[in-house]
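In our numbering, the protein residues as written are 143 to 204.
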């Protein structure tokens with residue numbers, strides 16, 4: 143869940159860490175497509191039951 147900024151309260155799927163400085167890439171569903179967004183990790187809160195990326199296939203699993 144994104145907690146700050148213009149996308150606050152949007153569900154997001156963690157994709158990968160981008161830097162040791164705390165930048166990450168997440169995926170959000172926008173206009174029926176998954177779109178990648180880069181942001182500070184401190185802007186995210188982990189929640190249960192949200193979509194996630196399957197580590198084997200790379201597909202989004204809900």
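Where a beta carbon is used, it is the ideal one built from N, C-alpha and C, also for glycine.
Note that this is a predicted model, so its numbers are computed, not measured.
- DSSP places residue 185 in the helix class (H, G or I) of the three-state scheme.
- Ranking 162, 163, 180, 164 by CA distance to the CA of residue 170 puts 180 first.
- Here residue 176 carries a strand assignment [DSSP, helix/strand/coil].
- For residue 169, the three-state secondary structure derived from DSSP is strand.
- Shortest Cα-Cα distance from residue 155 to any of 147, 149, 167 involves 167.
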